[in-house]
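Student:
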Amino acid sequence: MTPRILFNDKKLSRTENDVLSTIISLALKKDYCYANNEYLANYINSSKRTITNSLSKLKKLNYIKTKYVNNKRRIYPNLEKITTIVSCEVAETCYDEVAKSCDHKRNNRKENNNKYKKVEPVPYWLEHPEVCKEAPMTEEEIAEMDELMKEFKK
7 MTPRILFNDK KLSRTENDVL STIISLALKK DYCYANNEYL ANYINSSKRT
57 ITNSLSKLKK LNYIKTKYVN NKRRIYPNLE KITTIVSCEV AETCYDEVAK
107 SCDHKRNNRK ENNNKYKKVE PVPYWLEHPE VCKEAPMTEE EIAEMDELMK
157 EFKK
(Lines of atoms letter the chains of each structure in order from A and count residues from 1; the text may use other names and numbers.)
(Lines give C-alpha, C1' and ligand atoms only; values in the text may rest on other atoms or scores of the structure.)
Protein backbone atom coordinates (compact mmCIF):
# COMPACT_ATOMS: atom_id res chain seq x y z
CA MET A 1 0.00 0.00 0.00
CA THR A 2 1.65 3.18 -1.17
CA PRO A 3 0.50 6.39 0.46
CA ARG A 4 -0.84 8.74 -2.18
CA ILE A 5 1.48 11.54 -1.14
CA LEU A 6 4.62 9.56 -2.06
CA PHE A 7 3.70 9.54 -5.74
CA ASN A 8 4.40 13.28 -5.86
CA ASP A 9 8.08 12.86 -4.99
CA LYS A 10 9.76 12.27 -8.35
CA LYS A 11 13.10 11.60 -6.59
CA LEU A 12 11.82 8.17 -5.52
CA SER A 13 12.03 5.20 -7.87
CA ARG A 14 9.29 2.58 -7.91
CA THR A 15 11.49 0.24 -5.85
CA GLU A 16 12.21 2.92 -3.25
CA ASN A 17 8.50 3.66 -3.11
CA ASP A 18 7.79 -0.05 -2.54
CA VAL A 19 10.44 -0.29 0.18
CA LEU A 20 9.09 2.78 1.97
CA SER A 21 5.50 1.58 1.65
CA THR A 22 6.48 -1.77 3.14
CA ILE A 23 8.28 -0.07 6.02
CA ILE A 24 5.27 2.18 6.69
CA SER A 25 2.86 -0.76 6.73
CA LEU A 26 5.15 -2.80 9.00
CA ALA A 27 5.56 0.17 11.35
CA LEU A 28 1.86 0.82 11.87
CA LYS A 29 1.68 -1.04 15.17
CA LYS A 30 4.84 0.16 16.94
CA ASP A 31 5.88 3.20 14.84
CA TYR A 32 8.97 1.27 13.70
CA CYS A 33 9.78 -1.96 11.93
CA TYR A 34 12.69 -4.32 12.43
CA ALA A 35 12.65 -6.08 9.04
CA ASN A 36 16.10 -6.99 7.77
CA ASN A 37 17.25 -6.42 4.18
CA GLU A 38 16.69 -10.04 3.23
CA TYR A 39 13.06 -9.92 4.39
CA LEU A 40 12.43 -6.66 2.51
CA ALA A 41 14.12 -8.07 -0.61
CA ASN A 42 11.95 -11.18 -0.56
CA TYR A 43 8.82 -9.17 0.16
CA ILE A 44 9.18 -6.81 -2.81
CA ASN A 45 10.96 -9.36 -5.03
CA SER A 46 14.28 -7.57 -5.23
CA SER A 47 17.93 -8.13 -4.31
CA LYS A 48 19.48 -7.34 -0.92
CA ARG A 49 21.85 -4.90 -2.64
CA THR A 50 18.91 -3.01 -4.15
CA ILE A 51 17.32 -2.81 -0.69
CA THR A 52 20.57 -1.49 0.79
CA ASN A 53 20.73 1.21 -1.89
CA SER A 54 17.05 2.07 -1.45
CA LEU A 55 17.40 2.38 2.34
CA SER A 56 20.45 4.64 1.90
CA LYS A 57 18.54 6.92 -0.44
CA LEU A 58 15.48 6.98 1.83
CA LYS A 59 17.73 7.98 4.75
CA LYS A 60 19.41 10.66 2.64
CA LEU A 61 16.02 12.07 1.62
CA ASN A 62 14.96 11.95 5.30
CA TYR A 63 12.06 9.54 4.76
CA ILE A 64 13.36 7.07 7.33
CA LYS A 65 15.59 7.01 10.39
CA THR A 66 17.34 3.97 11.82
CA LYS A 67 18.35 3.14 15.38
CA TYR A 68 20.00 0.10 16.84
CA VAL A 69 18.53 -1.27 20.07
CA ASN A 70 20.12 -4.42 21.53
CA ASN A 71 22.00 -4.93 18.25
CA LYS A 72 18.73 -4.97 16.29
CA ARG A 73 17.96 -2.37 13.67
CA ARG A 74 14.75 -0.41 13.97
CA ILE A 75 13.53 1.53 10.96
CA TYR A 76 11.34 4.51 11.77
CA PRO A 77 9.35 6.20 9.00
CA ASN A 78 9.72 9.96 9.32
CA LEU A 79 6.04 10.73 9.87
CA GLU A 80 6.65 14.46 9.86
CA LYS A 81 7.93 14.34 6.31
CA ILE A 82 5.59 11.67 5.04
CA THR A 83 2.26 12.71 6.55
CA THR A 84 2.66 16.40 7.38
CA ILE A 85 4.86 18.29 4.95
CA VAL A 86 4.01 16.41 1.76
CA SER A 87 0.28 16.00 2.45
CA CYS A 88 -0.07 19.68 3.29
CA GLU A 89 1.56 20.57 -0.03
CA VAL A 90 -0.83 18.23 -1.84
CA ALA A 91 -3.81 19.68 0.02
CA GLU A 92 -2.79 23.24 -0.91
CA THR A 93 -2.26 22.47 -4.59
CA CYS A 94 -5.32 20.32 -5.29
CA TYR A 95 -8.94 21.32 -5.43
CA ASP A 96 -11.14 20.97 -2.33
CA GLU A 97 -12.92 17.71 -3.25
CA VAL A 98 -9.60 15.83 -3.54
CA ALA A 99 -8.30 17.39 -0.34
CA LYS A 100 -11.44 16.43 1.56
CA SER A 101 -11.05 12.81 0.49
CA CYS A 102 -7.59 12.65 2.07
CA ASP A 103 -7.52 11.46 5.66
CA HIS A 104 -5.16 13.77 7.58
CA LYS A 105 -5.79 12.50 11.12
CA ARG A 106 -2.08 12.36 11.97
CA ASN A 107 -1.55 15.89 10.69
CA ASN A 108 -4.20 17.32 12.98
CA ARG A 109 -1.99 16.54 15.98
CA LYS A 110 0.87 18.57 14.56
CA GLU A 111 -0.82 21.61 13.08
CA ASN A 112 -4.28 22.92 12.34
CA ASN A 113 -5.43 21.17 9.17
CA ASN A 114 -9.09 20.86 10.16
CA LYS A 115 -10.04 22.40 6.83
CA TYR A 116 -9.28 19.03 5.20
CA LYS A 117 -10.36 16.72 8.00
CA LYS A 118 -12.45 13.84 6.70
CA VAL A 119 -16.06 13.91 7.87
CA GLU A 120 -17.91 10.61 7.85
CA PRO A 121 -21.50 10.82 6.58
CA VAL A 122 -24.22 9.83 9.02
CA PRO A 123 -26.38 6.96 7.71
CA TYR A 124 -29.91 8.00 6.74
CA TRP A 125 -31.57 5.54 9.12
CA LEU A 126 -29.64 7.01 12.06
CA GLU A 127 -30.89 10.53 11.36
CA HIS A 128 -34.41 9.25 10.58
CA PRO A 129 -35.22 6.40 12.98
CA GLU A 130 -38.87 6.48 11.87
CA VAL A 131 -37.89 4.54 8.72
CA CYS A 132 -36.87 1.56 10.84
CA LYS A 133 -40.02 -0.42 11.41
CA GLU A 134 -40.31 -3.80 13.01
CA ALA A 135 -42.02 -6.38 10.83
CA PRO A 136 -42.07 -10.18 10.87
CA MET A 137 -39.84 -11.95 8.35
CA THR A 138 -41.41 -13.24 5.17
CA GLU A 139 -41.11 -16.92 4.22
CA GLU A 140 -38.61 -15.96 1.53
CA GLU A 141 -36.43 -14.10 4.07
CA ILE A 142 -36.61 -17.06 6.48
CA ALA A 143 -35.47 -19.46 3.73
CA GLU A 144 -32.62 -17.14 2.76
CA MET A 145 -31.52 -16.82 6.39
CA ASP A 146 -31.59 -20.62 6.82
CA GLU A 147 -29.35 -21.01 3.74
CA LEU A 148 -26.91 -18.45 5.08
CA MET A 149 -26.79 -20.18 8.46
CA LYS A 150 -26.07 -23.56 6.79
CA GLU A 151 -23.05 -22.02 5.02
CA PHE A 152 -21.90 -20.42 8.27
CA LYS A 153 -22.06 -23.70 10.21
CA LYS A 154 -19.84 -25.52 7.69
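With the first letter of the sequence shown counted as 1, position 148 gets the number 154 in my numbering; the numbers rise by one all the way through. A virtual CB, placed ideally from N, CA and C, is assigned to each residue, including glycine.
1. Give the secondary structure of Val137 by DSSP, where H, G and I count as helix, E and B as strand, and everything else as coil.
2. Going by C-alpha to C-alpha distance, which of Ile30, Lys36, Asp37 sits closest to Leu46?
3. Would you report the Cα separation of Ser52 and Lys35, rounded to the nearest angstrom?
4. Less than 6 angstroms between C-beta atoms, sequence neighbours within five positions excluded: which residues of the same chain meet that for Val6?
5. Confirm, please, whether the CB-CB distance from Leu12 to Asn23 is below 8 angstroms.
6. Report the residue ranges of all beta strand (DSSP E) runs contained in full by the stretch 31–78; include only those spanning at least 3 residues, in chain order.
7. Check for me: the alpha helix (DSSP H) holding Lys156 runs from which residue to which?
8. Between the beta-carbon of Ile57 and the beta-carbon of Leu64, is there less than 8 angstroms?
9. What does Arg80 pair with, by DSSP beta-bridge criteria?
10. Looking at Phe73: is its Cβ nearer than 8 angstroms to the Cβ of Arg80?
11. Going by beta carbon distance, what residues of the same chain come within less than 6 angstroms of Tyr82, once the five residues before and after it are set aside?
Tutor: Reading it off the structure:
1. The three-state reading of DSSP puts Val137 in helix, counting H, G and I together.
2. For the residues Ile30, Lys36, Asp37, the minimum Cα distance to Leu46 belongs to Ile30.
3. Each residue's alpha carbon lies about 25 angstroms from the other.
4. Within the shown structure, residues of the chain are numbered from 7 to 160, placing residue 6 beyond reach of any answer.
5. Cβ atoms of Asn23 and Leu12: closer than 8 angstroms.
6. Listed in chain order, the complete beta strand (DSSP E) runs (minimum 3 residues) inside the stretch 31–78 are 70–75.
7. Note, Lys156: alpha helix (DSSP H), 145–159.
8. Pairing Ile57 with Leu64 gives a Cβ-Cβ distance that is not under 8 angstroms.
9. Per DSSP, the beta-bridge partners of Arg80 are Lys73.
10. Looking at the sequence shown, residue 73 is not Phe but Lys. Yes; because the gap between Cβ atoms is below 8 angstroms, this pair is in contact.
11. Residues of the same chain with a CB within less than 6 angstroms of the CB of Tyr82, apart from the 5 flanking positions on each side, are Tyr38, Lys71 in chain order.
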